[in-house]
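To start, the structure under review is shown below, and the notes come after it.
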Amino acid sequence: MFDRIISWSLHHRAVVLLLALGVVIGGVWSLATMKVDILPDINKPTVAVFAEAPGLAADEVERLILAPLETAITGAPGVDRVRGTASFGLAIVNVEFAWGSDVLRNRQIIQERMARARVPENVRPVLGPVTSIMGEVVWAGLTSSNPKIDGMQLRTLADWTVRPALLRIPGVADVIVMGGEVREWQIQLNAEQMRRYGLQIEDIEMQVGKALQNKSGGIIAQGGKEYPIRILLAPTDVTQLRELAITPMERGGGMTEGASARVIRLADIATVREGASPVRGSATIDGQPGAILRIIRQPEAETLRVTEAVDRTLDALAPSLPTGVQIRHDLFRQEWFIRSGLGNVLEALRDGTILVAIVLILFLMNLRTTVITLTALPLSILVTAIVFRFSGFSVNVMTLGGLAVAIGELVDDAIVDVENVYRRLREWRAGDRSVSPLRVVLQASSEVRHSIVYATMLVAIVFLPVFAIPGVEGRLLASLGAAYLVALVASLVVSLSVTPVMCSLLLTRQEIAAAHGETVVVRLVKRLVAPGVRWCIRHVRVLLAVIAIALVASGGLYWYSGKEGIPPFNEGSATVIVLMPEGTDVDTSNQYASRVEAAVQQIPGVRRVSHITGRAGNDAHESGANFSEMQVIFAPGTEHERERLLAAIQRTLDAFPGASFSLGQPITHRVEMLLSGVRAPIVVKVFGDHPADMQAAAAAVIAEMEKVRTIKNPVMQKDVVVPELQIAMDRNRLADAGLSAGTVADAMEMGLMGAEVGQVRLGPASVNVVARYDAQYRGNTFALRDLPLPFTGAPSVGTAADVRVAGGQNRYSHEFGKRVLTVSANYQGTDIVGDVETVRTALAQQQLPMGVTLSFEGTYKSQKENSQRLAVLFGVGLILIAGILYAAFRSASITAQIMLNIPTVFIGGMVGIWLTGGVINLAHLVGFISLAGIVSRNGIMLIGRSLSLARAEGVFTPELVVRATLDRVVPVLMTSLVTALALVPLLLAGGAPGKELLHPLAVVIFGGLLSSTLISLFLTPALFYRFGRAAALRTDVGSLGL
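The sequence shown maps to residues 14 to 1055 in my numbering.
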């Protein structure tokens, strides 16, 4: 089949060239229209369910809302994990589905399941918006230098001017606003006056609510025209609301004496004013109060295009804002990481291509052969672009990285083909020229076709285990692997079609074919290699002993090296999570976070710091008033100072007592959330039924973590008992007053928490109107006891109830319906697997409370599982390699000889790892896997040529093996050198954005390729002469025509 492809291409050269031109045009168009992002889609399809139940304690939310929802959802088709939290007045359930599942179908499934859940009638669970875990693309902010613009006005601008404009942008899923003060009209009720006039809160709620709504009187026809009738009731300012007349509702006891003697206006029983709603979240920007808008894109939207649209929208809004109000676009931008990372990888692609060209020129010293060989590069890359464009892939660091890693290998097939054609044409020019030049090209290309195809098959097969890695790491590396393999297959197609055609057009002229003999570099290489091969043939045992010693030393390096999962990204920013003790109010948390922010701002290299505290109403994360999240933006030019800056921030945080901290980076934190549901690299989940037992076990985990120096800031999830004010109603006392305990409780709930009686529209803003008791009754325990119940003849709260301070659980966390308590920690070391295993071993020797189990998750778990999985799959790959080699050569001896070269990659690879820090991560392991196929290619070329010469000459001597090695030393060295040198740009500045995963991959491939190539040039001929005599003289042993 391959001969026919080559023959057809040579006889239809114009068609082949036109097809190549079509590939160029299609590839350029594909690159111009492909989605651009920093990473491939690692968003695991998740549906968030929110259920608000104001007034319910955490244990009531867990029992009445969370448990029914989880029961209904668990077991739904495609669900991978169900995580839930129950806190004061709020239940959140996050449902994770299998990778690649349809988001809209998932939401439909959850919607149907929610309908089955039996929750209280006044609770209406809703689905959160469709968002992406990587979707937070921009933090924008509003600040004011105008003293007349207060926090309330800033928040109104953010909520009703900026946010709606941003939501209209295609691709924006949600905009979460934090900070400032939410404007509301407040009806602060005087309980004594209400009782005097016989009014209850439900009277206020009903009558004020009706007065806020305009009515319709239908339509009147007059003079041939229709006039809609509007009955205007809604007040346009607070003064109008104060004058609203309130009438006591008729109840069994009638109206209070004197109630009908005068008109009761709302101002008589309440203070009516405009104010700020109770604060549950705040924000600061560079130490100044402001409003922050967190802009979240839709899963399929492109970050750069959404960011550009956000910039245009904000720039257009800026002139219309009040004097002194500034819009900030630069609090956090994912775009910075994208442009920096992609720019670095594109530079590596460019520089790698230049190095490949230099190697080809040095070895070939012929412009035409160099041009023909280099043609495989752009064509292979453009074919990959076309395939990716129509397969839904994006241009990102991983896909570009796969091409950067493959740059050298993309010309390997062309090198072998062009070198053989060029050599055959020289021989043809010096010998019998009765055969046409086109026939020479066909024969020369056909001679090496099997070696090219088999070598490509080996590289492809050994890389397949990358696609079996699950989770986030698998999604990242699968894109790299896909780009690598598609480009590799494309280069094979080019070498079988375009390369022979270009050789026939550019190399068949007599003066070109005879112009040069071997180049100076080639003659020098052969002069150096020949004595070494002869010595190794005579001293093969010594050679094997030296290699064995090197392998044992490499094994020692592996044993003592640290282990980690995927290497950390260099995002140019940091995220600091500040957790105050549970029960801390928003103001205290915000003040503490502001002090931390000011200290971090002073670190050299930090450009900007902003933070948010608490939770926004539409946020998918359950964050308490004690929670603050800080974005730290590093200054330009600090790309290589990531470790210094993170260490300086950690030292700054260590100086602040009284809070727990988690230090990481924005995208890294989100990846950690995908792995374990917690933003930390080390996570231990404590499962059980009783909070006290779970907390005891968590304390034991923390104690063991604190013994390991590299595990930093271990902290228990704050599912703890916090103080709460309990009002236990005395039913007998209320019965004596003729009151129902339920009715009184409802009135107190509305009066203390507040009842939203309606809304008024003021320009673009919608303002809530809220009725609650005056602050004098809600300020402290004593004032609450003195609160008179708003019923005729009713006692005060302190007389009718026991008001006491007691403990209540602040939160319950669930996973698959079972209570869970998490312990998380940061890590600043080189062997996360070993250090966590130390903790795990120590805990295994302790007696945990009955019914409590531990689950170790996070980066540790994924790294350990993926390492084991890769080891198994690599073993399977080696078996497949052996099968392919045996099918090609039909000799177990030759198969074993070629495969003995594979372990030699370990020598150079481990030296490279040791020189670059001595920590082995997942990318290093993938590098070792990819080398197995590349090294086998060299063995195929060396042994195949020896077999061909032995069969042609009918003898088997040391000089024949040496001659065969020298015939193939040029393509072997050229293919290895271009593959290795193409990786040099990735080796330099390894910590730069975009190179985090590619650098360790390049380190292993570069080091392993150098060691294996040098060793195979001497080991393979020595082994073949020692063990290959029988195979060389057998006619049934394949030689691949080399």
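Glycine is no exception: its CB is placed at the ideal position from the N, C-alpha and C atoms.
Asked	Found
Pairwise C-alpha distance: Glu313 and Ser567	45 Å
Three-way DSSP call (helix, strand, coil) for Gly677 in this model	strand
First and last residue of the uninterrupted alpha helix (DSSP H) at Phe401	389-404
Which residues DSSP lists as bridging Leu140, in chain order	Val62
Continuous alpha helix (DSSP H) stretch holding Trp42: start and end	26-46
Ser826 (DSSP reduced to helix, strand or coil)	strand
Whole-angstrom distance between Ala99 and Val728, CA atom to CA atom	20 Å
Spatial distance of Ile122 from Glu134 (CA atoms)	22 Å
Residue environment, Tyr573, which counts as buried when at least 16 other CB atoms sit within 10 Å	exposed
Helix, strand or coil at Ala814 according to DSSP, with G and I counted as helix	strand
Counterpart residues of Val188 in DSSP-defined beta bridges	Ile308
Per-residue burial, Ile667 [other beta carbons within 10 Å of its own, 16 or more giving buried]	Correcting the residue identity first, residue 667 is Asp in this sequence and not Ile. Label assigned to Asp667: exposed.
Residues that DSSP places opposite Trp152 in a beta bridge	Arg307, Phe345
Distance between beta carbons of Ser943 and Ile894, contact taken as under 8 Å	Wrong, their Cβ atoms sit about 12 Å apart, outside the cutoff.
Proximal residues to Arg26 (C-beta, below 8 Å), its chain only, five neighbours per side dropped	Val514, Ser517, Leu518
Helix, strand or coil at Tyr605 [DSSP, three-state]	helix
Alpha helix (DSSP H) runs wholly inside the stretch 870-941, at least 4 long, in chain order	872-902, 905-912, 918-928
Span separating the alpha-carbon of Ile233 from that of Leu246	20 Å
Assumed close pair Thr588, Pro679 - CB separation to whole angstroms, cut-off 8 Å	5 Å
Opening and closing residue of the beta strand (DSSP E) in which Trp198 lies	196-202
Distance between beta carbons of Gln822 and Pro704, contact taken as under 8 Å	6 Å
Assumed close pair Asp187, Pro142 - CB separation to whole angstroms, cut-off 8 Å	5 Å
As assigned by DSSP and simplified to three states, the class of Leu362	helix
Identified DSSP bridge partners for Leu738	Val818
Local Cβ density within 10 Å of Gln226, reported as buried at 16 or more and exposed below that	exposed
8 Å contact criterion, which Thr1026 and Val975 should meet: CB distance rounded	Between Val975 and Thr1026 the Cβ distance is about 18 Å, and since that is not below 8 Å, they are no contact.
Alpha helix (DSSP H) segment containing Gln166, residue limits	164-170
Range covered by the alpha helix (DSSP H) that runs through Lys223	214-224
Touch test, the stretch 409-418 against the stretch 495-504, Cβ-Cβ under 8 Å, three pairs minimum	yes
Any 3 or more C-beta pairs closer than 8 Å across the stretch 1029-1038 and the stretch 375-382	no
Cβ separation of Val852 and Val939, assumed to be a contact under 8 Å, to the nearest whole Å	No, Val852 and Val939 are not in contact; Cβ-Cβ is about 28 Å, not under 8 Å.
Per-residue burial, Thr11 [other beta carbons within 10 Å of its own, 16 or more giving buried]	With the chain running from 14 to 1055 in the structure shown, residue 11 is simply not present.
In DSSP terms, what Ala104 is bridged to	Ala64, Ala99
Counted within 10 angstroms of its Cβ, other Cβ atoms place Asn119 as buried (16 or more) or exposed	buried
Segment limits, alpha helix (DSSP H) that includes Tyr497	484-509
Minimum Cβ-Cβ distance from Ala1015 to chain D less than 8 Å	Of the protein chains in the structure, only one exists, and it is not chain D.
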